[in-house]
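Here the structure is laid out as structure tokens; the discussion comes afterwards.
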Amino acid sequence: MSICRLSVVPRIDKPNLAICYLMLLLALTPAAVAVKTTYYDSPRLPTALVPFHYELHLLTRLENTHPIPFGYEGAVNISFFVHKSTDVVVLHADDFSIKLAKTQLQEWYTLQKLAILEFNFNRKLDYLIMKADSYLKQGKYYSLTIEFGRPMSENKRGGYFLAHSTDWQSQQKSWYSLTHFEPHSMRYTMPCFDEPALKATFNVTLGHHKRFQSFSNMKVTAVLAHKELKDYVWSVHETTPLMPTYLLAFSINNLTCTFSQTGGPSPVLFRTCAKSSDLRLTTFAAQMAPVFLEYFEELLHMELPLRKIDQLAVENYHTDAMENWGLVVYSSDLILQTDEPHGPEPSRSRLQALQVICHEMAHMWFGNLISVAWWSDVWLKEGLTGYFEVLGIEHLYPRLGRRILAKYRVMSLMHETESGGIVISSMDIQSNASKTYVYQKATSVLHMAEGMVGHTTFQNAIHRYLYQYAFASSTTNQFLSSIQEGCDRANSLPEFADVKAIMDTWILQSGYPVLNVIRNTSLELTQNHFSFNESRRERWWIPLTYTTQSERNFSDTTPKAFFPSNSLMFNLNVFVPENDWIIFNVQAMGYYRVNYDERNWDLIAEALSKDHQSIHVLNRAQIVSDALFLWNTKRVSWSTALNVLKYLVDEDEFEPLMALVVGVTNGFWGVSPESSMNIAKWLSSAGKWYAEFINYTFDQLVFVENNLESAPSEED
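Residues -34 to -1, 1 to 682, numbered by mature numbering (1 follows the signal peptide of the UniProt record, and there is no 0), are exactly what the sequence shown covers, in order.
Laid out in structure tokens, this is it:
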């Protein structure tokens, strides 16, 4: 038997010493590999082979008594179609051992075997490269069988890793195994074509000790005794739908589950599982997940192809959740909830749990049913999921979804100020923190798109997008084409307005614009980058919505005009009475800030002082946020900003007060966006402290104003 490890010096057995010695040379002399005809060094897999099915048998050992405890061994048979004739097979493989002598390549129908002449590895790109003795013919189907295995640890980089729960009384650890393959960790567990567009079906059979249970994307159809290992069994799972490799999931554990289901004639069955001592805390998640799933099925007019979804609550999970199709994994800190009295709004802890559950259920369609073609489009699945998360929360708790959306907008705007701008189409997202802000901006930009084309048109376009790309992968351009088609059918945009041209300015560029409004005989509009850096040349297509004091129409978010991205100035022939304010960006649908001339700021401040409820709450929040930002960047005077903000002593709505707290703590005190939001949440849950904070803040603001007024001028 020959076993060669990809990540360390190979183990060498005598019968096949020559093969392993060759592998050792290849591992130690990468320059020699590079000159071989079978070497491959492109960052993307070649397009000659298209996988369509994986047959996986994997035995996991979680028993300390075995000579090699905590490890797995298995075999995968990958079926693929030959799009273009080739004698080279390239796929992903890293960080595990492969039994080279048992690797088989054969034609699918005739079972004719092809000999593999060479095995090479590209460590930098995690490629296993094999050269066959003859060409794989275009239009034919082939299969590749590889046996593999490795020890397991709690290092999550391995894709398939160990985890444990601890009994609080005995402090005894209970071990189990778990996968997390997003974005590309399946290659560290088993050989595969590890790119998101290469969807396939999977037959998963998991071997394990009989005291454990097997979880995967699909339900177990049979449990068979292992023929060689005493007390071990094989759990056979149903075939999955077409899906990318990163959504494959499995776990061997002894968790305890709560059962629930959706309604209707073909219900989706839920198991929500945790360690036995936490079982009673799973009730909330078990109840709410079916509610959200049922809501989305009705809203999207599309049932899922799955009839079961398992939810695992995992201790010390390295992310909030992972939306594996049919096997969702959550951090137990988020998902496990104690009972509490029913009220008009959930507690902060429950709202956080609701958001993550709703988010993962929305992923069943956006990310799972339709996946991204490449990681540069990951913003699309996360933005759509965030958009529907807001709808789901709003469905249960009216106005609460609106708050979440306001939070996303404020948080991403703040982070842009700190980071110099976010490009939501960037695939180079290293930290979870930056991912959060990118996804929040993506949600905000899609919300703006909905306002631009209209709610009905946007929803119809998404329905069309789902039906067109279900079980496939899509790109940003394909999504925008669906929106354009919806607009053409509904005649919801002017002829000159091209959805792709407009949205590209928001998707492909960093940052956001500040819209400057000057009132003369007409309205003179200019835009500049939020950083106020004259060297920044980014310009945006800005959907312009506005209302005046006489109209006071805050319900119409349809653009009345568009500021083109190729213009430095734009004139609007709109008559505004001299003593009327005008407010742009109705309900803060647009992802931009607005600055007015001194006269208009004074009129807005006067209206807020007299009757702040005459202005929509979301626009009040935007005005507060913009006034603080504009003063902090020296675009308006302090007296102007303070004049606008004084009304806040009478404000009792969450959104404007949140805008004040995060604007002051982040913009003035240098607190991080996340910490600023946490302060706002804490203050909102302790009403009297909000009043204290506002009083303290205004004491400080007036102190700043007095200092500015008393400061000596340069002439002095």
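Here a beta-carbon is modelled for each residue, glycine too, at the ideal position from N, C-alpha and C. Bear in mind the structure is a predicted one, so any value in this text is a computation, not a measurement.
Annotation: the continuous alpha helix (DSSP H) that includes residue 469 extends over 465 to 473. For residue 617, the closest of 579, 629, 631, 599 by C-alpha to C-alpha distance is 579.
Using a Cβ distance threshold of 9 Å, residue 201 and residue 171 count as a contacting pair.
Judged by DSSP in its simplified three-state form, residue 53 adopts strand. One Cα belongs to residue 51, the other to residue 104, and the distance between them is close to 5 Å. Between residue 449 and residue 465, the CB-CB gap stays under 9 Å.
An exposed status is given to residue 535, since fewer than 16 other beta-carbon atoms sit within 10 Å of its beta-carbon.
CA-CA distance, residue 292 to residue 299, rounds to 21 Å. When DSSP states are grouped into helix, strand and coil, residue 503 belongs to the coil group.
Within the region 270 to 350, the beta strand (DSSP E) runs of at least 3 residues that lie entirely inside it are, in chain order, 274 to 280, 293 to 297, 336 to 338. Secondary structure at residue 382: helix, using DSSP grouped into helix, strand and coil. DSSP assignment within the region 64 to 92 yields the following whole beta strand (DSSP E) runs of 3 residues or more, N-terminal first: 70 to 73, 82 to 88.
Spatial neighbours of residue 411 in its own chain (CB-CB distance under 6 Å, excluding positions within 5 residues in sequence) are listed in chain order as 472, 557. Collapsing the DSSP output to three states places residue 364 in coil.
Three or more beta-carbon pairs separated by less than 8 Å link the region 505 to 514 to the region 543 to 559, which places the two stretches in contact. Among the bridge pairs identified by DSSP, residue 549 is matched with 513.
With 16 or more other Cβ atoms inside 10 Å of its own Cβ, residue 621 counts as buried.
About 6 Å separates the CB atoms of residue 161 and residue 11; that is less than 8 Å, so the two are in contact. Cβ-Cβ distances below 7 Å link residue 527 to 510, 538 in the same chain, with the five nearest sequence neighbours on each side left out; the list follows chain order. The C-alpha of residue 167 lies about 27 Å from the C-alpha of residue 223.
The shortest C-alpha to C-alpha distance from residue 6 to any of 41, 56, 37, 45 is the one to 56. Rounded to whole angstroms, the separation of the alpha carbons of residue 266 and residue 508 is 29 Å. By a beta-carbon distance limit of 8 Å, residue 376 contacts residue 591. Their separation comes to about 6 Å. Under the 10 Å beta carbon count, residue 101 is surrounded by fewer than 16 other beta carbons and is classified as exposed.
The C-beta of residue 71 has 16 or more other C-beta atoms within 10 Å across all chains shown, which makes the residue buried. The beta carbon of residue 369 lies closer than 6 Å to those of 620 in the same chain, with the five residues before and after it left out. Around the C-beta of residue 309, fewer than 16 other C-beta atoms lie within 10 Å, and the residue is accordingly described as exposed. Under DSSP, the beta-bridge partners assigned to residue 171 are 23, 202. Scanning the region 546 to 587 for uninterrupted beta strand (DSSP E) segments of 3 residues or longer gives 548 to 550, 559 to 562, listed from N- to C-terminal end. As DSSP reads the structure, residue 17 sits in a beta bridge with 46. When secondary structure is reduced to three states using DSSP, residue 413 falls in the helix class. Nearest to residue 251 by C-alpha distance, out of 458, 420, 276, is 276.
Residue 421 counts as exposed, since fewer than 16 other beta carbons sit within 10 angstroms of its beta carbon. In the displayed model, residue 111 falls within a strand according to three-state DSSP. Taking 9 Å as the cut-off, the beta carbon of residue 360 is found no closer than this to the beta carbon of residue 325. Counting C-beta pairs with one atom in each stretch, the region 582 to 589 and the region 552 to 571 have three or more that are closer than 8 Å, which means they touch.
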